[in-house]
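First up is the structure itself, then whatever we jot down about it.
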Amino acid sequence: MAEDIAPEQSKDEWRASLREIGEREGFYEELGPQHTALLVNRGDTLIVTFENLDDVYSRGVGKMPWGYGFVEKRGWSMLGMMAHDWTWYRDEAVFDFFDRLKAEGFFDRYKRVIFYGASMGGYAAAAFSAAHPGAGVVLISPQATLSRLDASWETRYRKAWPRDFSSRYGYAPDMVKTAEYVYLFYDPLSSLDAMHAALFRGDNIRKMRCRYFGHRIASLWVQLGILTPIVEGAISGTLTDKEFYHLLRGRRENRRYQKEMLERLKKMQRPVWVARYCEAVIARAPGPVFRQALKKANEALAKR
Numbered sequence: 039m040a041e042d043i044a045p046e047q048s049k050d051e052w053r054a055s056l057r058e059i060g061e062r063e064g065f066y067e068e069l070g071p072q073h074t075a076l077l078v079n080r081g082d083t084l085i086v087t088f089e090n091l092d093d094v095y096s097r098g099v100g101k102m103p104w105g106y107g108f109v110e111k112r113g114w115s116m117l118g119m120m121a122h123d124w125t126w127y128r129d130e131a132v133f134d135f136f137d138r139l140k141a142e143g144f145f146d147r148y149k150r151v152i153f154y155g156a157s158m159g160g161y162a163a164a165a166f167s168a169a170h171p172g173a174g175v176v177l178i179s180p181q182a183t184l185s186r187l188d189a190s191w192e193t194r195y196r197k198a199w200p201r202d203f204s205s206r207y208g209y210a211p212d213m214v215k216t217a218e219y220v221y222l223f224y225d226p227l228s229s230l231d232a233m234h235a236a237l238f239r240g241d242n243i244r245k246m247r248c249r250y251f252g253h254r255i256a257s258l259w260v261q262l263g264i265l266t267p268i269v270e271g272a273i274s275g276t277l278t279d280k281e282f283y284h285l286l287r288g289r290r291e292n293r294r295y296q297k298e299m300l301e302r303l304k305k306m307q308r309p310v311w312v313a314r315y316c317e318a319v320i321a322r323a324p325g326p327v328f329r330q331a332l333k334k335a336n337e338a339l340a341k342r
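Positions 39 to 342 (this note's numbering) are the ones given, in order, by the sequence shown.
See below:
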């Protein structure tokens, strides 16, 4: 399916290709100038994903919504929601679209429905899961809201601040109350992400902590080769804390994770801890970043 779209296509040609796929496999709808919905109907499990349309186009070969290959291989259906800008899906056309799907009983055609997204997509997945009570929800570093009244401490995403987060499908923590379960993956040491996560409360919320992963958690899962078992477990609703944290153990040997850890130790201004950590990392595999940090830490200790 993904090979139907050539990487050299213009954006207009690419959208036309998506429309052809939708007409053949399900549907393709442009929801005003800023949002698009593509349904690919395969099996009785439906994954509803949310992401930035320009990110999809710039992805290269295939240019399909994130996770499309993952979903296709399992014979699942996929409703790929794409935003043309950093809109957080706060658009009446999108609200009306989900209201219509709910009224038509669209989601009832499937045995299982999962809403999935990360960051802006995580906010949207949580918010629009209310269109199908009883759905599963998988969120990675989501925002609860960008309302300046409720989240004045949120200093990122200034472009979306003027949008209305108080109308339909607005406050994400309220919208997931009817979900069967919600897996929420976040880094508790990333203060803003942790503050959003704290607003999600309820017996159906399963918070999975990814320490030192930062905001872009899924990309590090990919590097560690653990994205598939984590996402499969979360989608099925069977992923346990024990299984998840066992999968995370491999992070200790990952360079990006090691650098995240080093930066946090340096910010704590603990040269003894920095030196010990760098020595432990260098003992496994040499690296100029850690040698330099070790040198500076030892110089700081010598001045004491």
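For glycine and all other residues, C-beta sits at the position ideal for the given N, C-alpha and C.
All values derive from a computational prediction rather than experimental measurement.
Taking proline 267 as the centre and dropping the five residues before and after it, the same chain places the C-beta of Leu285 closer than 7 Å to its C-beta, in chain order.
Spanning the alpha carbons of alanine 217 and glycine 263 requires a straight line of approximately 29 Å. Going by DSSP, serine 115 is part of the beta strand (DSSP E) stretching over 115-121. Check the Cα spacing between leucine 184 and each of Ala198, Leu177 and Val310: the tightest is with Ala198.
If only uninterrupted beta strand (DSSP E) runs of at least 3 residues are considered, those enclosed by the stretch 184-240 are 219-224. Under the three-state reduction of DSSP, glycine 155 is assigned to strand.
Around the beta carbon of methionine 306, a 10 Å sphere encloses fewer than 16 other beta carbons of the protein chains shown; the residue is thus reported as exposed. About 4 Å separates the Cβ atoms of alanine 272 and tyrosine 221, confirming a contact at the 8 Å cut-off. Inter-residue distance for leucine 230 and isoleucine 85 is about 27 Å (C-alpha atoms, whole angstroms). By the neighbour-count definition (other C-beta atoms within 10 Å, threshold 16), glutamate 298 is a buried residue. Glutamate 89 is classed as buried because its beta carbon has at least 16 other beta carbons within 10 Å across all chains shown. A contact between stretches requires three or more CB pairs, one per stretch, nearer than 8 Å, and the stretch 187-198 fails this requirement with the stretch 135-142. Judged by DSSP in its simplified three-state form, phenylalanine 144 adopts coil rather than helix or strand.
Per DSSP, the beta bridge partners of tyrosine 66 are Leu76.
Residue nearest to proline 211 within the set Lys334, Gly240 and Val269 is Gly240 (criterion: CA-CA distance).
Judged by pairs of C-beta atoms under 8 Å, the stretch 119-132 does not touch the stretch 144-153, as fewer than three such pairs exist.
Glycine 252 sits away from aspartate 279, with the two beta carbons spaced by 8 Å or more. For valine 109, the CB contacts under 6 Å within the same chain, skipping 5 residues up- and downstream, are Ile85 and Met116 in chain order.
Around the beta carbon of glycine 174, 16 or more other beta carbons lie within 10 angstroms, which makes this residue buried. Annotation: arginine 57 to phenylalanine 65 spans about 7 Å, alpha carbon to alpha carbon. In the DSSP annotation of this structure, the continuous segment of the beta strand (DSSP E) that includes lysine 245 starts and ends at 243-247. When only Cα atoms are considered, valine 319 and glutamine 181 end up about 34 Å apart. According to DSSP, threonine 87 shares a beta bridge with Gly118 and Tyr154. Distance from the CA atom of glycine 107 to the CA atom of glutamine 72, rounded to whole angstroms, is 24 Å.
The beta carbons of serine 179 and glycine 208 sit no closer together than 8 Å.
The beta carbon of glycine 172 sits closer than 6 Å to those of Glu218, all from its chain and outside the five residues before and after it, given in chain order. Residues of the same chain with a CB within less than 8 Å of the CB of lysine 304, apart from the 5 flanking positions on each side, are Val312 and Ala331 in chain order.
Lysine 111 has its alpha-carbon roughly 36 Å from the corresponding atom of arginine 194.
Following the DSSP letters along the chain, one finds isoleucine 255 in no beta strand (DSSP E) but inside the alpha helix (DSSP H) bounded by residues 255-262. Scanning Arg206, Arg302 and Ala235 for the CA closest to the CA of aspartate 137 turns up Arg206.
With distances taken between CA atoms, serine 228 lies nearest to Glu301 out of Leu77, Leu277, Glu301 and Lys334.
For valine 176, the pairing in a beta bridge is given by DSSP as Tyr154 and Tyr221.
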